[in-house]
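Peer 1: This is the structure, below, for whatever I ask next.
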Amino acid sequence: MTAPLRIGLAGLGTVGTGVVKMIETHAGLIATRAGRPVEIATVSARSRRRDRGVDLAGYAWEDDPVALARRDDVDLVVEVIGGEDGPALATARAALAGGKHLVTANKAMMARHGLALAAEAEARGVALRFEAAVAGGIPVVKALTEGLAGNAIGRVMGVLNGTCNYILTRMQAEDAPYAQVLEAAQRLGYAEADPSFDVGGIDAAQKLALLATIAFGAPVEVEAMTVEGIERVSLADIEHAAELGYRIKLLGVAQAAGGALEARMQPCLVPVGSPIGQLEGVTNMVVLEGDFVGRIVLSGPGAGEGPTASAIVGDVIDIARGVLLPPFGQPAAGLVGAAPAGSGLAPVPAGGGAPAAYYLRFLLADAPGVLARVAAALGEAGISINRMRQVEHDGPEAPVLIVSHRTDRAPLDAALAAIARLDVCREAPVAIRIEEI
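In the numbering used here, the protein residues as written are 765 to 1201.
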């Protein structure tokens, strides 16, 4: 009989416990599909006493996850500790150095150290898989590295953080302000006590960086991306966008155009009838555009015990089958430390990017000639107006909405600064990119 694949599981939180449940529940099914048994040999976590709802008595225990990674009875390490450095990184490095396969759900670690870890895995002839690090249960890494490997990818975009999507859709559905919906999300467990990593866009940006690196064969760093969260998205803008036929989403976009690679994570308006415009709740969605396949839309749960465990076990089964692929879809030697010129793409600086139409909102004095002064400021910057309307109001101040034609961001920012200095402008102008899908 083929020898079992022996797993060392580092981390027994929600996801780690889910991995135990899945492997125990589907042991026979997994063995059949993998062509060999898959067994958990050793586990590690900070506390042995915690009740996790699963029986761990049959597994060896290591208090130190690095010691787990070095054990002779472990063939593959599953790292679900979390954190870009510290014990998670030490465990990953120990596993690869010891010739062990590595499966991780750690997006922060992979976004920061993934290329170096990939190079080490390839040098050791072992697998490094991280499907669970991006979009939970959606098999998007596998889609890019395998199913769409023959395509030149033109654009990757998606909603990659369920917390943000939940907040934005509940704001619209309940006509409720951001702070109120965030508090409800925290009570339901969709948002952490400190939600800044999610609502600030960092979590989603790390995922986009990984997808962009795979899709375009050029290293993408979060620090080089335009990253904005949803904290400043107002209920008024959600309502006005809906009136114009759009919804606001925290949207990640990576695209190649004109020899440049643009990657950004920011609130955008998308057409209400588009797949992303229809996405509600904590669900994630990724859209991939290839030159031969066209557009592929993948949607599903982006987090949680079951979906994340599903992605991890899927990677484990591939390794048990003997599948050994470059972690980022091509040899790491072409990525690690390489200038983006190696891929023919140069990165677009944060704040740059392809031209786009913009939704603009102003609060202006309700007086004759005011709209003409705003239009003149936009015209002087070379920005053409597609639509303009004044919102019904009471009092001396009028909300004004403008949808521009496509423009670069730099002249738009110059025009908005000029308008903000006008004596008729009552608050800072709002500008949100419109992404055509």
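Note that CB positions come from ideal geometry on N, CA and C, so glycine has one too. Source: prediction; values computed, not measured.
Let me know the secondary structure DSSP gives R1197 once reduced to three states.
Peer 2: Residue state, collapsed to three classes: strand.
Peer 1: In the DSSP output, what is Q1154 paired with across the bridge?
Peer 2: DSSP lists V1164 as partners of Q1154.
Peer 1: Quick check on K1013: does DSSP put it in helix, strand or coil?
Peer 2: Of the three classes helix, strand and coil, the one that applies to K1013 here is strand, per DSSP.
Peer 1: Based on the DSSP secondary-structure assignment, which residues constitute the bridge partners of M921?
Peer 2: For M921, which the question treats as bridged, DSSP gives the partners V1017 and V1051.
Peer 1: Report the rounded CA-to-CA distance for V923 versus V1036, giving the unit in angstroms.
Peer 2: So the two alpha carbons sit approximately 14 angstroms from each other.
Peer 1: Can you tell me which of L974, I931 and E938 puts its alpha carbon nearest to the alpha carbon of G964?
Peer 2: Of the listed residues, the one whose Cα sits closest to G964 is I931.
Peer 1: With three or more C-beta pairs closer than 8 angstroms as the rule, is the segment 1010 to 1029 touching the segment 879 to 887?
Peer 2: No, the segment 879 to 887 is not in contact with the segment 1010 to 1029.
Peer 1: Output needed for S1107: all residues of its chain with C-beta closer than 7 angstroms, excluding positions within five of it in sequence on either side, in chain order.
Peer 2: Below a pLDDT of 50, predicted positions are generally treated as unreliable, and S1107, at 48, falls in that range; the measurement from the model is reported next regardless. Result list for S1107: F980, G981 and A982, in chain order.
Peer 1: Would you tell me roughly how many angstroms separate the C-alpha atoms of R888 and V802, rounded to the nearest one?
Peer 2: Taking the straight line joining both Cα atoms gives about 22 angstroms.
Peer 1: Return yes when the Cβ of A948 is within less than 8 angstroms of the Cβ of A1027, no when it is not.
Peer 2: No. Outside cutoff.
Peer 1: Please name the residue or residues paired with R1028 in a DSSP beta bridge.
Peer 2: Paired residues: T990 and V1017.
Peer 1: Give the straight-line distance between the Cα atoms of I1201 and A1162, rounded to the nearest whole angstrom.
Peer 2: For I1201 and A1162, the distance between alpha carbons rounds to 31 angstroms.
Peer 1: For R1153, count neighbouring C-beta atoms within 10 Å of its own C-beta (all shown protein chains included) and say buried if the count is 16 or more, exposed if not.
Peer 2: Looking at its Cβ environment, which holds fewer than 16 other Cβ atoms inside 10 Å, R1153 is exposed.
Peer 1: Compute the distance between the beta-carbons of A774 and E843, then report whether it is under 8 angstroms.
Peer 2: It is a contact, given that the beta carbons lie within the stated cut-off.
Peer 1: When the Cα atoms are used, what is the spatial distance from L1062 to Q1042?
Peer 2: For L1062 and Q1042, the distance between alpha carbons rounds to 13 angstroms.
Peer 1: In chain order, what residues of the same chain have a beta carbon less than 6 angstroms from the beta carbon of T778, not counting five sequence neighbours either side?
Peer 2: Answer for T778: E1069, listed in chain order.
Peer 1: Using only the alpha-carbon positions, how far apart do L912 and E985 sit?
Peer 2: Each residue's Cα considered, the two are about 23 angstroms apart.
Peer 1: Are the CB atoms of P1071 and G953 within a distance shorter than 8 angstroms?
Peer 2: Taking 8 angstroms as the Cβ cut-off, G953 and P1071 do not qualify as a contacting pair.
Peer 1: Assuming the contact rule is C-beta atoms closer than 8 angstroms, N925 and D962 should be a hit. Round their C-beta distance to whole Å, please.
Peer 2: Their Cβ separation, rounded to whole angstroms, is 6 angstroms, which keeps N925 and D962 in contact under 8 angstroms.
Peer 1: Count the other C-beta atoms from every protein chain shown that fall within 10 angstroms of the C-beta of E992, then say buried if there are 16 or more, exposed otherwise.
Peer 2: It is buried - the Cβ of E992 has at least 16 other Cβ atoms within 10 Å.
Peer 1: Just grab the DSSP bridge partners of H865 for me.
Peer 2: In the DSSP output, where bridge partners are listed per residue, H865 has L840.
Peer 1: R770 by DSSP, collapsed to three states: which one?
Peer 2: In the structure shown, R770 sits in a strand (DSSP, three-state: E or B).
Peer 1: Indicate whether the contact test is met: 3 or more Cβ pairs, each with one atom in the segment 843 to 855 and one in the segment 867 to 881, closer than 8 angstroms.
Peer 2: With a cut-off of 8 angstroms, the segment 867 to 881 and the segment 843 to 855 count as touching, because enough Cβ pairs lie within range.
Peer 1: Hey, out of I771, M786, R810 and L1180, whose CA is closest to C1189's CA?
Peer 2: With distances taken between Cα atoms, C1189 lies closest to L1180.
Peer 1: Please confirm whether G817 and T789 have their CB atoms less than 8 angstroms apart.
Peer 2: Not closer than 8 angstroms, so no.
Peer 1: According to DSSP, is G960 helix, strand or coil?
Peer 2: Residue identity differs from the one stated: residue 960 is Ser in this sequence, not Gly. Three-state DSSP puts S960 in a helix.
Peer 1: Let me know the secondary structure DSSP gives A1075 once reduced to three states.
Peer 2: Helix, per DSSP.
Peer 1: Tell me the DSSP secondary structure of P983 in three-state form.
Peer 2: P983 falls in the coil class under three-state DSSP.
Peer 1: Apart from the five residues just before and just after A1096, which ones in its own chain have a Cβ nearer than 7 angstroms to its Cβ?
Peer 2: So the qualifying residues of the chain are L879, A882, A883, E886 and P1090.
Peer 1: Name the DSSP beta bridge partners of R1059, please?
Peer 2: R1059 pairs with E1053.
Peer 1: Have a look at R893 and A955 and give me their C-alpha separation to the nearest angstrom.
Peer 2: Computed Cα separation, rounded: 27 angstroms.
Peer 1: Could you check whether I1147 and L1176 sit closer than 8 angstroms to each other, using their CB atoms as the reference points?
Peer 2: Result yes, Cβ atoms of L1176 and I1147 sit closer than 8 angstroms.
Peer 1: Quick one: what's L1124 bridged to in DSSP?
Peer 2: Looking at the DSSP assignment, L1124 forms a beta bridge with I1166 and A1195.
Peer 1: Thinking C-alpha only, which one of R770, P768 and M786 is nearest I1076?
Peer 2: Among R770, P768 and M786, the Cα nearest to that of I1076 is on M786.
Peer 1: Quick one: what's got a C-beta closer than 8 angstroms to H1157's C-beta in the same chain, skipping five residues either side?
Peer 2: Excluding positions up to five away in sequence, the list reads D1130 and P1163.
Peer 1: Under the rule that 16 or more other beta-carbon atoms within 10 Å means buried, what is H865, buried or exposed?
Peer 2: Buried, by the Cβ-count rule.
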